[in-house]
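Presented below is the structure to which this report refers.
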Amino acid sequence: MTATPLLAGLTARARAQAHTGGTPGPTPCSCGAATLADRADATVVRHADTVAKAHAPDTALDDLTLRLTAATRLPEVLLPPLGPTPTPLHGRLVTCWPYGTPVDPERPDAAPWEEAATLLALLHRTTPVPPALPPMRGPAKAALAVARLRATAPHHPATPAVLGAWRTLPAWARAEAPMPDTTTLCHGDLHLGQLVRHPAPHGPWRLIDVDDLGVGVPAWDLARPAAWYACGLLPPDEWTRFLDAYRAAAGPAVPPDGDPWPALDVPARALTVQSAARATAKALAEDRPLDEVEQALVDACARMGSVPPQLARTSTT
Numbered sequence: 044m045t046a047t048p049l050l051a052g053l054t055a056r057a058r059a060q061a062h063t064g065g066t067p068g069p070t071p072c073s074c075g076a077a078t079l080a081d082r083a084d085a086t087v088v089r090h091a092d093t094v095a096k097a098h099a100p101d102t103a104l105d106d107l108t109l110r111l112t113a114a115t116r117l118p119e120v121l122l123p124p125l126g127p128t129p130t131p132l133h134g135r136l137v138t139c140w141p142y143g144t145p146v147d148p149e150r151p152d153a154a155p156w157e158e159a160a161t162l163l164a165l166l167h168r169t170t171p172v173p174p175a176l177p178p179m180r181g182p183a184k185a186a187l188a189v190a191r192l193r194a195t196a197p198h199h200p201a202t203p204a205v206l207g208a209w210r211t212l213p214a215w216a217r218a219e220a221p222m223p224d225t226t227t228l229c230h231g232d233l234h235l236g237q238l239v240r241h242p243a244p245h246g247p248w249r250l251i252d253v254d255d256l257g258v259g260v261p262a263w264d265l266a267r268p269a270a271w272y273a274c275g276l277l278p279p280d281e282w283t284r285f286l287d288a289y290r291a292a293a294g295p296a297v298p299p300d301g302d303p304w305p306a307l308d309v310p311a312r313a314l315t316v317q318s319a320a321r322a323t324a325k326a327l328a329e330d331r332p333l334d335e336v337e338q339a340l341v342d343a344c345a346r347m348g349s350v351p352p353q354l355a356r357t358s359t360t
């Protein structure tokens, strides 16, 4: 990987943070170092027990600072940052975090579904919600994925099904109107990659990535596993473990018993559309057909286009 000025600067920032109070100077040290992600929307590097992240170019300083403050106040749920304020680097905002051990993708049988659900329930039950937090960014990210699909793959065979499903959603789920809930603290982008053990390697699980944290509809945080279950991509027992653990922890997104789908239907559909839009754009960029999982998402969109969602009574349409 070619070191860009951003990547080189971020690596130096992580190294300096890791050795605060005992800076080794310019000479190489024996600490482990790695680039964990290098994407347009996030660059993440590790040095020893420290992680430095360059956030997306359009990240607002005030919003990110409020989200960092929320993470600092909820250390039993969210991994706290190493500092309260982002710092600039090559036009990006940078934050530093303690390193945590991520979920092992090679051990799906050990996926921490119960722990993820319990953390979500605790997050959703937070009172009072940290003041002045912006809206949770889930619907905005779904809308961005659809906009990119329209721009980059307007003639792809999958695009009509994805856009057809998108049009069936209420305005709030398309980020075209305010969300009907503005009092519940939400993560905004829950998936298993957003959990780490801290302290590494065997500490308790914590949620990471506060970029989408905010107030909104809590069912959105359950929507990705719900969508994968509905598409046949998540085994029923894993979905049941997740849902039961969320209910056992008194999570407010769904009723304590009975059918959860009236609450989950719209968010799960929106996450299905978002996933299908991203998958289609990615397949086109790589000049390849959709794989089996990607095709399952598009097929679900095709079905959704002919069956209206169960709109919540409080939805803004």
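Using this note's numbering, read the sequence shown as starting at 44 and increasing by one per residue.
Backbone N, C-alpha and C fix where the C-beta goes; we use that ideal spot for every residue, glycine too.
Bear in mind the structure is a predicted one, so any value in this text is a computation, not a measurement.
- Around the C-beta of L107, 16 or more other C-beta atoms lie within 10 Å, and the residue is accordingly described as buried.
- Around the beta carbon of R82, fewer than 16 other beta carbons sit within 10 angstroms, so the residue counts as exposed.
- Counting other Cβ atoms within 10 Å of its Cβ, G275 stays below 16 and is therefore classed as exposed.
- The alpha helix (DSSP H) runs of length 4 or more contained entirely in the stretch 137-190 are, from start to end of the chain, 156-167.
- Here T86 is buried: its Cβ has 16 or more other Cβ atoms, across all protein chains shown, within 10 Å.
- Boundaries for L125: no alpha helix (DSSP H) harbours it, and the DSSP string shows neither H nor E there.
- Across the structure, A291 and T128 are spaced so that their CA atoms are roughly 35 Å apart.
- Contact between the stretch 140-151 and the stretch 197-205 is absent: fewer than three C-beta pairs spanning the two stretches fall below 8 Å.
- R180 sits close to D254, with the two beta carbons spaced by under 9 Å.
- DSSP, read as helix, strand or coil, puts D106 in helix.
- Taking the C-beta atoms as reference points, T130 is found no nearer than 9 Å to L121.
- Counted as a single uninterrupted DSSP element, the alpha helix (DSSP H) harbouring L340 occupies residues 335-347.
- Beta-bridge annotation (DSSP): A80 is paired with V87.
- Scanning the stretch 229-294 from its first residue to its last, the whole alpha helix (DSSP H) runs of 4-plus residues come out as 266-273, 279-291.
- Within the DSSP bridge table, the entry for V94 names R89, W140 as partners.
- The Cβ atoms of D224 and P261 sit closer than 9 Å to each other.
- Taken atom to atom, the span from the alpha-carbon of L233 to that of T63 is near 32 Å.
- Under the DSSP assignment, W304 falls in the alpha helix (DSSP H) whose first and last residues are 304-328.
- In the displayed model, R193 falls within a helix according to three-state DSSP.
- Secondary structure of R331 (DSSP, three-state): coil.
- Cβ neighbours of A160 within its own chain (closer than 6 Å, five residues either side excluded): F285, A288, Y289.
- The three-state reading of DSSP puts L53 in helix, counting H, G and I together.
- When secondary structure is reduced to three states using DSSP, L212 falls in the coil class, being assigned neither helix nor strand.
- One thing to note: L265 has its Cβ no nearer than 9 Å to the Cβ of L212.
- In the assembly as shown, R331 is an exposed residue. Its beta-carbon has fewer than 16 other beta-carbons within 10 Å.
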